[in-house]
Amino acid sequence: MDEQARIMQTLGGVNLSGHPGQGGMTLPPPHGHDGTDVDGRKQDIGDILHQIMTITDQSLDEAQAKNRKHGLNCHRMKPALFSVLCEIKEKTGLSIRGAQEEEPPDPQLMRLDNMLLAEGVAGPEKGGGAAAAAAAAAASGGAAGDNSIEHSDYRAKLTQIRQIYHTELEKYEQACNEFTTHVMNLLREQSRTRPISPKEIERMVNIIHRKFSSIQMQLKQSTCEAVMILRSRFLDARRKRRNFSKQATEILNEYFYSHLSNPYPSEEAKEELAKKCSITVSQGVGTTITVSQVSNWFGNKRIRYKKNIGKFQEEANLYAAKTAVNAAHAVAAAVQNSQTNSPTTPNSGFQMKDEEFQLDSAENKNTLLTNMFTGSSGSYSLPTPNTGDLFMSMQSLSGDSYQGQVGANVQSQVDTLRHVISQTAGYSDGLGGNAMYSPHSLNANGGWQDATTPSSIISPTEGPGSVHSDTSI
DNA sequence: CTGTATGATTCGGT
DNA sequence: ACCGAATCATACAG
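Residue numbering for the first sequence follows UniProt numbering, beginning at 1 and increasing consecutively.
Structure, rendered in structure tokens:
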């Protein structure tokens, strides 16, 4: 650990020398005793000092294992050296004691702590991990869950930060404790060979703690930064708009135009749409789409569609055709599955191909516009026999026991299909003009009719013959 | 750079 | 709480 080495250095600097500013141990020359053995004694003192110095560089175990400690303690010069060291220490001790260590609580640290506490990063553990997000979601209630769902990503990331923060903090604390005990042991051991008072050990521990707390502060600071970045990113994302992916828009449009009579998706439908959009997104590039975004989209779509239906006519035709094709495919599949002996589905003259339904709106726009609101306010004029057959089969399919196989999907798309079919019929046999894809569901007030069952034409209660346009609802 | 499209937000109404 | 309407702010195409 790099930091540990640095702390070690600090320790050596402060403690061993007694002169904080002075890196090594510099002893004044021993009091002069002239004589020939002076050199020899000098040599001894040098030796013992060297041993003391080097022993600090060794781990406790190592020193013990080598049994140097014993040798050191039993050295004949030891008591003398000890007293010398005590003397030196006494001289320098005042200056050490003079250095007050009263540290006022760092205002910046307090600020960081407060912020972490406010963000819920440093606070009491709320069950931890994903449970915290779940608990938060549950706390906000099922109805208001939208908000928490919207911010679940944020919460998840915050939880991640929190976890990292806590593990790091724990690691630091553990390292700090380990190191403190180690140093204390070392000092206690050394106090036998050189004068170290308990107070000094205490001070040393304080120094270590200060060092580690500065590391902790760094950790807190970077955690705060991470939270800030996360926050700003999420808040910015609210305003900074990103267009939905093409597939997502397609999915939403499909739903919108296939439920044009009542384009108010339920909560479940919204969830499903959001999921669907996000699934397609996950396969390519884009952003995930939340339920509230789906709500936004439908809100915008409704208002904008209503405001300028003409502008959306082309789009409506396109998607109506698309859903019609889908529905037809579904029906065809269902028919193939379940109606092996019935008259074949009327493919003749009604080929389910996309191109068949691509209306050149530039050419037809006038017609479309003039037909707007005017088209077929009365009963639905029966389409060509073939398409009629299709309807018959569809009705029977969705009306009776086959419903489960065909699925609600088809049912919901039948009204769209009907429009398109009538449209094609209009263009193909010249009857056109009475059944264009028109804003049939908009009432005089400009609002959508309260059509609870837009697909009432396939209601099981109605006979197959009672086909009527939902424009007459 | 400008106009349009579009997702998000706000506000009042129910 | 949800909707419509207005509005904001950005993305994007020309």
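Even for Gly, the Cβ is constructed at its ideal location relative to N, Cα and C.
Inter-residue CB distance, residue i and residue j (contact presumed, cutoff 8 angstroms)
i	j	result
residue 84	residue 161	Not really, about 55 angstroms apart at Cβ, beyond 8 angstroms.
residue 220	residue 112	4 angstroms
residue 273	residue 309	No, residue 273 and residue 309 are not in contact; Cβ-Cβ is about 23 angstroms, not under 8 angstroms.
residue 448	residue 262	6 angstroms
residue 298	residue 265	6 angstroms
residue 164	residue 187	Incorrect: roughly 34 angstroms between the Cβ atoms, too far for contact.
residue 215	residue 172	6 angstroms
residue 48	residue 70	That belief does not hold up - the Cβ atoms of residue 48 and residue 70 are roughly 13 angstroms apart, past 8 angstroms.
Sequence-distant residues of its chain with Cβ nearer than 7 angstroms to residue i (five each side left out)
i	result
residue 86	195
residue 295	270
residue 307	none
residue 224	112, 115 and 116
residue 212	172 and 176
residue 54	none
residue 174	none
Cβ-based neighbour list, residue i, same chain, cut-off 6 angstroms, excluding 5 preceding and 5 following
i	result
residue 515	This structure does not reach residue 515, given that the chain is present from 1 up to 473, and the question cannot be answered.
residue 109	217
residue 301	256
residue 305	312
residue 439	At residue 439, the pLDDT of 47 sits below 50, so the modelled position is not reliable and the matter cannot be decided from this model.
residue 353	Residue placement at residue 353 is flagged as unreliable, the pLDDT there being 31, under the threshold of 50; a coordinate-derived value is accordingly withheld.
Proximal residues to residue i (C-beta, below 8 angstroms), its chain only, five neighbours per side dropped
i	result
residue 268	none
residue 121	158, 161, 162, 165, 223 and 227
Margin query: Would you call the region 171-189 in contact with the region 199-209, where contact means no fewer than 3 C-beta pairs closer than 8 angstroms?
Written below: yes
Note to self: To test your reading of the DSSP string, which unbroken beta strand (DSSP E) runs of 3 or more residues are found completely within the region 273-316?
What the structure shows: none
Check: In chain order, which continuous runs of the alpha helix (DSSP H) of length 4 or greater are located wholly inside the region 177-257?
Finding: The DSSP assignment places complete alpha helix (DSSP H) segments of no fewer than 4 residues inside the region 177-257 at 198-239, in order along the chain.
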